[in-house]
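The opening residue of the sequence shown carries number 23 in the numbering used here; numbering runs sequentially from there. Here's the structure we're looking at; comments come further down.
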Amino acid sequence: MRTGCRVSSARQPGATYPEAFRQRAPPAKGSEMATTSATPQGSSLTETPFWQRAAVRRNLSAYAFILPFMALFIIFNIGPFFWALWLSLLRGDLVDQVKPFVGLQNYLSLTTDDITLKVFLNSLQYTVSVVPIAVITALALAFLIGNKLVRFKDFYRAVVFFPLLASAAATAQIWSYILAPRYGVMTYLLGLVGVPEIYWLSDPDWALYGILLIEWWRGIGFHIILFLAAMLGVPEELHEAARIDGANAWQVATRVTIPLMRPVILFSVVMGTIWAFQLFDTVFVLTNGGPVHATATMVWYIYNHAFRYGQVGMAAAMGVVLLLIIMPISYVQMRVLGER
23 MRTGCRVSSA RQPGATYPEA FRQRAPPAKG SEMATTSATP QGSSLTETPF
73 WQRAAVRRNL SAYAFILPFM ALFIIFNIGP FFWALWLSLL RGDLVDQVKP
123 FVGLQNYLSL TTDDITLKVF LNSLQYTVSV VPIAVITALA LAFLIGNKLV
173 RFKDFYRAVV FFPLLASAAA TAQIWSYILA PRYGVMTYLL GLVGVPEIYW
223 LSDPDWALYG ILLIEWWRGI GFHIILFLAA MLGVPEELHE AARIDGANAW
273 QVATRVTIPL MRPVILFSVV MGTIWAFQLF DTVFVLTNGG PVHATATMVW
323 YIYNHAFRYG QVGMAAAMGV VLLLIIMPIS YVQMRVLGER
């Protein structure tokens, strides 16, 4: 209706609709050319080069800062991985100029070696034992240190983090005296409660647990510092709101604080798992994989094959296998804990 009204008001009296449309004023001179020239032709379009785009030019400084790190990462991480992957397909020792190509023979040799299965089970048992214990105890100690009623918090942070900064060889020697079967401090303390003498580092049934105790002591400070930092990031208003709703201290911790700390807990678990599979220094100093390979780990096995027996191909193959074990375990942990 509105359109019809406009048309009828625009046409002259007595003129039909086609005549009215034909009587409209012609376009101004040059307007058609202006319209045509304003419309770009497909053949004349030129795309801006990538390096001249505004977004790229703005981010050049960021790329410049990232470039040295990426170069070091490629040189010291990506490059050695592909070099190890290539060495795992060769056979020869460290001094051989020519190493024959053997394909997957080194990997097949790992499947028939009884020691390979033993060191894998040792590493798996150690990881499954030490990671949950370290994370749970670190979380409990972090809540204890982070309590408002606790004084000298900086002192406690320094105390729990000190073992991680100390030399692994030095701390291993100190623990060798603590765990000594006759005159060790641990033997004396356990004797006070009637526990018989335990050969922590020389008994095949107990040696791995002795290593576990030492590594728990060394690594728990890392988890505690992470959890304390995560607790500081939880808004105090959420705690106060939970208390107003009638929640006690346990409910505030389990339903407010810990769920908000989930990303940090996930990072702690993943890093603890990676470090557990890479255990070497304490084993090398205290037991050298013994007794009867009871404390032999995968990294200790790699070291022995590479530098003691000179079997570089076998060591590289074991390193690749270790990477293939750690990657899916870390991925599953991130998916499972991330969904929760």
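The beta carbon of each residue, even a glycine, is placed where N, CA and C say it ideally should be. Fair warning: this is a prediction, and the values are worked out from it, not measured in the lab.
If we count the other Cβ atoms within 10 Å of its Cβ and call it buried at 16 or more, is N144 buried or exposed?
Burial call: buried.
T133 classed as buried or exposed, judged by whether at least 16 other C-beta atoms fall within 10 angstroms
T133 counts as exposed, since fewer than 16 other C-beta atoms from the protein chains shown sit within 10 angstroms of its C-beta.
According to DSSP, simplified to helix, strand and coil, what is F123?
Reduced to three states, the DSSP call for F123 is strand.
Classify A191: buried if its beta carbon has 16 or more other beta carbons within 10 angstroms, exposed otherwise.
Counting other Cβ atoms within 10 Å of its Cβ, A191 stays below 16 and is therefore classed as exposed.
Distance CB(M320)-CB(V141) smaller than 7 Å:
At the C-beta level, M320 and V141 come within 7 Å of one another.
For L139 and P203, the rounded distance between their alpha carbons:
In this model, P203 and L139 are separated by some 30 Å (Cα to Cα).
Alpha carbon to alpha carbon, how far is D267 from A93? Give it in angstroms, no decimals.
Distance between the alpha carbons of A93 and D267 is about 53 Å.
May I ask you to check if the CB of F184 is nearer than 6 Å to at least one heavy atom of the ligand FMN?
Questions concerning the ligand FMN fall outside what the structure shown contains, since it holds no ligand whatsoever.
Alpha-carbon spacing of M340 relative to Q333, whole angstroms:
Each residue's Cα considered, the two are about 11 Å apart.
Among P102, A328, A338 and Q300, the one whose alpha carbon lies nearest that of V153:
V153 has its Cα closest to that of Q300, out of P102, A328, A338 and Q300.
Relative to the C-alpha of L187, which residue among W228, E237 and Q147 is closest?
Closest by C-alpha distance to L187, out of W228, E237 and Q147, is E237.
On the criterion of 16 or more Cβ atoms from any shown chain inside 10 Å, does N99 qualify as buried, or is it exposed?
Here N99 is exposed. Its C-beta has fewer than 16 other C-beta atoms within 10 Å.
Of the residues A264, G125 and H245, which one's Cα is nearest the Cα of A162?
Minimum Cα distance to A162 is reached at H245.
Whole angstroms is fine: what's the gap from I247's alpha carbon to P122's?
Between the alpha carbons of I247 and P122 lies a gap of roughly 49 Å.
Would you kindly work out how many angstroms separate the C-alpha atoms of R357 and I351, rounded to a whole number?
For the pair R357 and I351, the Cα-to-Cα distance works out to about 10 Å.
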